[in-house]
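Mapping the sequence shown onto full-length UniProt numbering, position 120 (from 1) lands on 120, and the numbers just tick up by one. Positions of the beta carbon are idealized from the N, C-alpha and C atoms, including for glycine. Read through the structure below, which is laid out as structure tokens, and then see the notes.
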Amino acid sequence: MSPLKRRRRYVTTVALSPIMPWVATGSMDRSVKVWRIGDVASSPEAELRQAACQERKLPGYSWRLFSDWSEEDVQAWLRQEGLQDLVGTFTSNNIDGAELSRLNKDTAAELGIESVGLRCRLMRKIEALKAEESGSGPPDEFLCPITREMMKDPVIAADGYSYERDSIESWLRGKNRSSPMTNLPLQTTILTPNRSLKMAMSRWKSSQ
1 MSPLKRRRRY VTTVALSPIM PWVATGSMDR SVKVWRIGDV ASSPEAELRQ
51 AACQERKLPG YSWRLFSDWS EEDVQAWLRQ EGLQDLVGTF TSNNIDGAEL
101 SRLNKDTAAE LGIESVGLRC RLMRKIEALK AEESGSGPPD EFLCPITREM
151 MKDPVIAADG YSYERDSIES WLRGKNRSSP MTNLPLQTTI LTPNRSLKMA
201 MSRWKSSQ
């Protein structure tokens, strides 16, 4: 990650492209700028940050409905989710996105997936995909602004925003003393646990 240095006012909105190296930012100066990731001076720190970002890069299939995935997309998803033991089975049975969306515990057993635990893990992953597409995923305020994943240990930084503790601590260790959200300097690096948000997330999980 790199600071945006060509802004006159606060950056209030950031949008990432899942399949291209672009970032769009909206600012209080009433302008929108599109940035190409990587168009910064090369340095050891920049290369490390770029490598970290590439590790978290969304796969190419992530922007499509999973029922439209090809067989190769399904196989890539299995590897991404730690289900690589099923790749051979899915390949030999020509499972694409449409078949994946219709899969249940019975048909998973028919495919020869003997491990009950593995079948249950697979079904949980499929249900998570369906929930994400139906919009029943976690509310946006439960997602860390840095990783866009649901927080487990939310903390409030000096900019007033809540982040996952590990993510914001990693950001600060990288010699960043600016807010990931506003790009303004942080007056302090003290992080305060957001207990009310953590309780709200716990209630939401219980209701699912």
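Inter-residue spacing [alpha-carbon to alpha-carbon] between residue i and residue j
i	j	result
Trp35	Val23	5 angstroms
Lys175	Glu169	10 angstroms
Leu186	Ile146	16 angstroms
Arg119	Arg165	33 angstroms
Ser178	Ser202	30 angstroms
Met181	Leu143	13 angstroms
Asn93	Leu111	8 angstroms
Start-to-end residues for the beta strand (DSSP E) that takes in residue i
i	result
Gly88	Run containing Gly88: none in the beta strand (DSSP E); it sits in the alpha helix (DSSP H), 87–92.
Trp69	Where Trp69 is concerned, there is no enclosing beta strand (DSSP E), given that its DSSP letter is neither H nor E.
Ser27	22–27
Exposure label - residue i; buried when at least 16 CB within 10 Å
i	result
Trp204	exposed
Val74	buried
Ile190	exposed
Val155	buried
Met151	buried
Ser162	buried
Leu65	exposed
Ala128	exposed
Span of the alpha helix (DSSP H) around residue i
i	result
Ser101	97–102
Glu110	105–110
Residues near residue i in its chain [Cβ-Cβ closer than 6 angstroms; skip 5 each side]
i	result
Ser67	Gly97, Ala98, Ser101
Ser167	Cys144, Ile146, Thr147
Ile113	Arg119
Lys125	Glu81
Own chain partners of residue i with C-beta closer than 8 angstroms, once the 5 adjacent residues on each side are dropped
i	result
Ala108	Arg119, Leu122, Met123
Contact set for residue i: own chain, Cβ-Cβ below 7 angstroms, skip 5 residues either direction
i	result
Lys105	Arg119, Met123
Which whole runs of the alpha helix (DSSP H) in the UniProt domain "U-box" (137–208) are 4 residues long or more, in chain order?
Here the runs fully enclosed are 165–173, 195–207.
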